[in-house]
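Contents: one structure, followed by commentary.
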Amino acid sequence: MKKFNRTLVTTALPYANGPVHIGHLAGVYVPADIYTRYLRIKGEDVLLIGGSDEHGVPITIKAQKEGITPQDVVDKYHNIIKDSFEKFGITFDIYSRTSSETHHETASEFFKTLDNKGEFIVKTSEQYYDAIANQFLADRYITGTCPHCNNDGAYGDQCESCGTSLNATDLINPTSSITGNKPELKETKHWYLPLDKYENDLKKWILEDHKEWKPNVYGQCKSWLDTGLHPRAVTRDLNWGVPVPAEGAEGKVLYVWFDAPIGYISATKELTPDWEKYWKSDDSKMVHFIGKDNIVFHCIIFPAMLKAEGSYILPDNVPANEFLNLEGDKISTSRNWAVWLHEYLEEFPDKQDVLRYVLTANAPETKDNDFTWKDFQARNNNELVAILGNFVNRALVLTHKYYNGIIPAQGELTDFDKETLAQIPVFKEQVEKNLETYHFREALKEAMNLARLGNKYLADTEPWKLIKTDEERVKTIMNISLQITANLSTLIEPFLPFTASKLRGFLNIGTLAWENIGANVIANHHQINTASLLFEKIEDETIQAQVDKLLATKAANEAEKKVVAPAKDNINFDDFMKLDVRVGTITAAEKVAKTKKLLKLTVDTGIDQRTVVSGIAEHYKPEEIIGKQVSILVNLEPKQLKGIESQGMILMAEDADGKLSFVSPDQSIKPGSEIR
């Protein structure tokens, strides 16, 4: 295995059109942070580079919906995302943005270098155009039916239902998302990167030289390479992005897939004047952490760009994860079906590590996985509290109880003591092996096994019983328990950094070097501090509140999808004039016995006091509506309902979710006033 002198870690740039959710965290940011923290603890030269992608079409769509500028959108969400990452403990060396001046300069220079070398093909092609909006349509402005899975909501660049990459012309029944108009094909000029020129190089680099890559990454790359690569446009007709620095390119910007990965370079430039040694030295290792929807861009397109430029290294690995679903449904920003990081941090204060733990233990490393709030609760209560928290609490509490918080010296070790201590470097080795190969779930499991070892050691030796008969033996037991605890403070650090810091505070120690993990890492007679619980149980009510929140979102989504009923057949004016609708005031109300929906109302119509039976009991309580002014059809033929003669009809408006509301005057009106 090649030895590298430094490591550059990049994370996929989230679109700044919404906050970060747990799918982003599980797929990209938590594993990247674990890996980077691990290398830092080992004392290696490593940078973690991130930033917001602020030039995608989703930005312009969001701005259009909210009636603000794209810059307003990216400013808002960039700050939310950056703040959330900081509070969650993602330790970026820099978190930049693609709207920065440095990025615009870097992306422009990169394009010009390729253009000057003659790397682009400039050609005219047909692209969808919206005649009503008077503009060419970027891929995300076109929706239609996916030709692969028949999903009606596929975009012009990708179907989010089946994950297939698409061209806009692949869609069945394409529609402009700006106007709803059917777009037409119209000629436009664009600059293309000839990916086919680098096909053989990419085949050797990936299929022969990187067989160790994750199967999902290797397989997707092989599929693309086997079907043959084609030139791909690097420009778009759009007014938001990095302007194309070429003659005849007015009104065009760099396409986001060309622009965004250059953001890794520009961010590194912002961070350090020595940026080139991370990007251009053969002894530098580059690792891209991404989701599976970005595999092609990071393994084929961006490497082709780097090869075309000629002076950059290629990534050593691209450990892409699959998708994380939420309660059995695909996470979606547009449908608000997500657990948003900034909301989690508010609703679960000081529980960053609980979410980090759950997302790592359930990471979608080999297949799509599902996040559920019940699993979140179970992992917290049954693993963090019952295993890690329980062991640490017992070790520290007993030390304070027996020795006033002063670590006793070891006596003679038994075979069981030696076997227990010998396991510590084994767990360290297993954690290392799994982190080096990007198996974060297994690495976390091995780190937690050290806490399991501590629990077993205490359970088997029972110092709380032995203290009555063999005080000297208990000193050794407690010393070994605290050695395990101290080692845990470093072994769990990449995964649970807040917990590790808290644990070091309990032990009154600094950070333990990774290479020093082993038998005796904390001194005899060392004074430890008073401890509190590392974790607390999460109760059913807390989880139910989150489930209810999602159910409300689902109901809102269903209501939004509901189509307004079409207009009924026309009636003539004379028929309309036959309706006698008046303002009435409800003077009495009661439930109709043995029914769920019916209320018996007494209504002052200005003409008389009459009884009306209305199906509104599931929406209003009787006592709430007394005195309410309503619209009532007074010349409706009476009808018997549950043995009560109903003498009219109260007019109600029904929302998409089925909720009924009174049609009422906006100020007090004399009962009997006609509604015209």
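The sequence shown: position 129 = 129 (UniProt numbering), numbered continuously.
Where a beta carbon is used, it is the ideal one built from N, C-alpha and C, also for glycine.
Whole angstroms is fine: what's the gap from residue i's alpha carbon to residue j's?
{"i": "residue 700", "j": "Asp201", "result": "Residue coverage of the chain in this structure runs from 1 to 676, which leaves residue 700 outside it and unanswerable."}
{"i": "Leu384", "j": "Ala459", "result": "18 Å"}
{"i": "Arg333", "j": "Glu105", "result": "In the sequence under discussion, the amino acid at residue 333 is Thr, which differs from the Arg named in the question. Answer to the nearest angstrom: the Cα atoms are 31 Å apart."}
{"i": "Ile206", "j": "Ala168", "result": "28 Å"}
{"i": "Arg610", "j": "Pro671", "result": "12 Å"}
{"i": "Trp191", "j": "Ala233", "result": "6 Å"}
{"i": "Thr372", "j": "Phe495", "result": "20 Å"}
{"i": "Ala395", "j": "Ala486", "result": "11 Å"}
{"i": "Asn404", "j": "Lys475", "result": "13 Å"}
{"i": "Arg97", "j": "Ser108", "result": "15 Å"}
{"i": "Ser161", "j": "Asn294", "result": "15 Å"}
{"i": "Val613", "j": "Asn570", "result": "29 Å"}
{"i": "Lys642", "j": "Ala567", "result": "32 Å"}
{"i": "Leu39", "j": "Lys445", "result": "19 Å"}
{"i": "Ile61", "j": "Ile387", "result": "47 Å"}
{"i": "Lys214", "j": "Thr366", "result": "8 Å"}
{"i": "Val673", "j": "Val630", "result": "Strictly speaking, residue 673 in this sequence is Ser, with Val absent from that position. Distance between the alpha carbons of Ser673 and Val630 is about 11 Å."}
{"i": "Ile49", "j": "Lys112", "result": "24 Å"}
{"i": "Asp83", "j": "Asp157", "result": "30 Å"}
{"i": "Ile480", "j": "Asn455", "result": "12 Å"}
{"i": "Glu637", "j": "Val547", "result": "47 Å"}
Tell me whether residue i sits in a helix, a strand or coil according to DSSP, three-state version.
{"i": "Ile22", "result": "helix"}
{"i": "Glu126", "result": "strand"}
{"i": "Pro31", "result": "helix"}
{"i": "Tyr155", "result": "strand"}
{"i": "Gly389", "result": "helix"}
{"i": "Ile625", "result": "helix"}
{"i": "Asn134", "result": "coil"}
{"i": "Thr587", "result": "strand"}
{"i": "Gly118", "result": "coil"}
{"i": "Lys659", "result": "coil"}
{"i": "Leu503", "result": "helix"}
{"i": "Val634", "result": "coil"}
{"i": "Asn487", "result": "helix"}
{"i": "Arg37", "result": "helix"}
{"i": "Ile644", "result": "strand"}
{"i": "Asp75", "result": "helix"}
{"i": "Leu534", "result": "coil"}
{"i": "Arg582", "result": "strand"}
{"i": "Ile477", "result": "helix"}
Can you tell which of the options has the C-alpha that lies nearest to the C-alpha of residue i?
{"i": "Ala653", "options": "Lys76, Ser664, Phe573, His148", "result": "Ser664"}
{"i": "Gly56", "options": "Gly18, Glu44, Ile34", "result": "Gly18"}
{"i": "Ile477", "options": "Thr169, Val122, Glu462", "result": "Glu462"}
{"i": "Ile407", "options": "Leu453, Leu491, Phe289, Asn529", "result": "Asn529"}
{"i": "Gln135", "options": "His148, Ser176, Trp373, Val339", "result": "Ser176"}
{"i": "Thr605", "options": "Tyr620, Glu624, Ile632", "result": "Ile632"}
{"i": "Thr553", "options": "Glu623, Ile121, Trp340", "result": "Trp340"}
{"i": "Lys374", "options": "Ser311, Leu229, Ile262, Glu541", "result": "Glu541"}
{"i": "Ile41", "options": "Lys428, Leu450, Glu623", "result": "Lys428"}
{"i": "Glu590", "options": "Gly180, Gly144, Glu624, Lys578", "result": "Glu624"}
{"i": "Cys149", "options": "Tyr402, Leu421, Cys159, Ile607", "result": "Cys159"}
{"i": "Ala565", "options": "Lys600, Asn516, Ala656, Ser311", "result": "Ala656"}
{"i": "Phe120", "options": "Leu137, Glu493, Leu193, Thr69", "result": "Leu193"}
{"i": "residue 677", "options": "Phe573, Met305, Asp170, Ile290", "result": "Only positions 1 to 676 of the chain appear in this structure, which leaves residue 677 out of reach."}
{"i": "Ser223", "options": "Phe391, Pro183, Ile300, Ser284", "result": "Ile300"}
If we call anything under 8 Å between Cβ atoms a contact, is residue i one with residue j?
{"i": "Thr91", "j": "Arg37", "result": "yes"}
{"i": "Leu660", "j": "Ile616", "result": "yes"}
{"i": "Tyr344", "j": "Leu355", "result": "yes"}
{"i": "Gln483", "j": "Val521", "result": "yes"}
{"i": "Thr587", "j": "Ile644", "result": "no"}
{"i": "Leu534", "j": "Lys502", "result": "yes"}
{"i": "Arg676", "j": "Val634", "result": "no"}
{"i": "Asp72", "j": "Ala16", "result": "no"}
{"i": "His230", "j": "Asp282", "result": "no"}
{"i": "Ile94", "j": "Glu276", "result": "no"}
Note down, one range per segment and in chain order, each beta strand (DSSP E) of at least 3 residues found wholly within the segment 168 to 214. With a minimum length of 3 residues, the continuous beta strand (DSSP E) runs that stay inside the segment 168 to 214 are 172 to 176, 184 to 193.
Let me know the beta strand (DSSP E) ranges lying completely inside the segment 209 to 294, each 3 residues or longer, listed in chain order. Secondary structure in the segment 209 to 294: the beta strand (DSSP E) runs of 3 residues or longer, each lying completely within the stretch, are 235 to 237, 252 to 254, 284 to 289 in chain order.
Runs of beta strand (DSSP E) lying entirely within the segment 336 to 395, each at least 3 residues, in chain order: Annotation: the segment 336 to 395 contains the following complete segments of the beta strand (DSSP E) (minimum length 3 residues), in chain order: 369 to 371.
Runs of 4 residues minimum, wholly inside the segment 400 to 475: which ones carry the alpha helix (DSSP H) assignment? Scanning the segment 400 to 475 from its first residue to its last, the whole alpha helix (DSSP H) runs of 4-plus residues come out as 415 to 436, 440 to 461, 463 to 466.
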